[in-house]
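Those letters in the sequence shown? Residues -24 to -1, 1 to 394, per mature numbering (1 follows the signal peptide of the UniProt record, and there is no 0), in order.
See below for the structure under consideration.
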Amino acid sequence: MRINKLLLTLALSTPALLPHLSYAGEVEVLHWWTSGGEAKAVQPLKFSLEKQGHTWKDFAVAGGGGETAMTVLKTRAVSGNPPSAAQIKGHDIQEWGSLGFLTNLDDVAAAGDWDAIVPKIVTDIMKFNGEYVAVPVNIHRVNWLWANPAVLKKAGVSVPTTLDEFFVVAEKIKSAGYLPLSNGVGSWQDATMFETIALSVLGTEGYTKAFVELDLEMLASDKMVEALVKFKKLRDYMDSDAPERQWYKATSMVANGEAAMQIMGDWAKGEFIALGKVPGKDFICAPAPGTAEQFTYNIDSFAFFDLKDSGDVDAQKALAAAILDKNFQETFNLKKGSLPARTDLDMSKFDQCSLDSLASFKMAERSGDLVPSVSQGMATTSYVQGAIFDVVTDFFNDPNADAKKTAKKLAKAVKAAI
Ligand code: GAL
């Protein structure tokens, strides 16, 4: 009794011993989730913050892959006015961390037990110098093939499982008068298809050697030439009037039956769902040809900037905690097409595509076939990624480009960017 009284008097006279009071503040959040499915997925996060009395200032910069968003972010950060949090992923987290822009989230992480509920492959990416500076939102699988079953049926073909089958199927769809492959435009989308074909041709070991270890011999190898030739062959099965097409327009072409297939990460599923389409009935999700055993991962995350205002810091911490909240993880990932970042969720509301994705994530984790995506900044630094994008896109868009020379060019460009 007497000790309790003493503690109370001590606490009241020593503010540091009082429980931390939370202040209302503003969170400004930079992201590039502007397509139908993406915008719907992120909305509950805003509501969650507002429910806690904070203000959400949306800083959405259109452009899948986030290239434009990153350019805008750099300008804001350099002028000393960064947002509270920004969609920053993979190696970029280390780059921002080493420049001293990011804040330590270890207290929020400890309270939420992140080390226990999030896979290590994910938490490792979120830490800079061993401290949490970013929060994961999800795990996307990149190596998917999306298909319209009605179009496949009309062409008399089924979903291809190998690259050779893919080209046979694509040829038949073309002869039946349908567009075999829909594509969006831009270097990250070219790179998405390229890395998927390269994974199929090189296998896990070759892919890792080339794009993670940056082995120059592998980058210039005959196998890489083969990957480039097969990648370029996709051109024969695409339409040419796509100069401004966004990835989600390409997805809606498959959803509407204007095209048979798309090679894209499972944010495409978010788009099918937003269009009211049902997996297994209106669209098919299958591993990209020749990559059933592998799982190319893309982990979305928000990195948190160092702020001064204490209300804004509180709002920022509330946001960090809300991202890994069980309810948000469920609603967000159901709409986004990705797997939850935490492993302890009840998956009963998730569809077969998500369950397949989870099963292949676990299998690939065991077999060593989890590979980081090049196109999504998971495999290597933004400098090397930029060099790969340039070579791959130039090659894809130049009808006269030579695959052998391009493989050598790829190795040279990577060497210069390391
Ligand atoms: C990726 C992002 C995904 C998806 C895609 C298209 O970079 O990681 O979540 O939204 O861009 O915008």
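Yeah, the Cβ is synthetic: ideal placement off N, Cα and C, and Gly gets one too.
Span separating the alpha-carbon of residue i from that of residue j
i	j	result
residue 268	residue 30	44 angstroms
residue 143	residue 70	40 angstroms
residue 196	residue 383	5 angstroms
residue 48	residue 58	10 angstroms
residue 104	residue 81	11 angstroms
residue 86	residue 228	42 angstroms
residue 11	residue 19	12 angstroms
residue 377	residue 331	41 angstroms
residue 28	residue -1	8 angstroms
residue 350	residue 270	14 angstroms
residue 53	residue 141	48 angstroms
residue 303	residue 262	28 angstroms
residue 60	residue 359	25 angstroms
residue 135	residue 33	43 angstroms
residue 44	residue 355	20 angstroms
residue 158	residue 89	42 angstroms
residue 309	residue 9	13 angstroms
residue 338	residue 6	31 angstroms
residue 344	residue 119	16 angstroms
residue 300	residue 102	13 angstroms
residue 62	residue 190	28 angstroms
residue 234	residue 149	12 angstroms
residue 218	residue 290	45 angstroms
residue 175	residue 203	8 angstroms
residue -21	residue 342	Because residue -21 sits at a pLDDT of 46, beneath the cut-off of 50, its placement in the model cannot be relied upon, and the following sentence gives the value as read from the coordinates. If you take the alpha carbons of residue -21 and residue 342, they lie about 53 angstroms apart.
Residue i, buried or exposed, once every other Cβ within 10 Å from all chains shown has been counted against 16
i	result
residue 75	exposed
residue 117	buried
residue 181	exposed
residue 313	buried
residue 41	buried
residue 156	buried
residue 163	buried
residue 323	exposed
residue 91	exposed
residue 386	buried
residue 193	exposed
residue 439	Outside the displayed range of the chain (-24 to 394) lies residue 439, so it cannot be described from this structure.
residue 56	exposed
residue 151	exposed
residue 373	exposed
Contact check, residue i vs residue j, beta carbons under 7 angstroms
i	j	result
residue 98	residue 298	no
residue 295	residue 3	yes
residue 239	residue 115	no
residue 111	residue 326	no
residue 68	residue 353	yes
residue 253	residue 329	no
residue 73	residue 113	no
residue 161	residue 236	no
residue 315	residue 305	no
residue 165	residue 243	no
residue 226	residue 248	no
residue 206	residue 178	no
residue 170	residue 368	yes
residue 201	residue 380	yes
residue 265	residue 138	yes
Cβ of residue i within 7 angstroms of any chain D Cβ
i	result
residue 136	Here there is only one protein chain, and chain D is not present.
> Can at least three beta-carbon pairs, one atom from the stretch 380 to 390 and one from the stretch 361 to 371, be found at a separation below 8 angstroms?
Replying inline: The stretch 380 to 390 vs the stretch 361 to 371: in contact.
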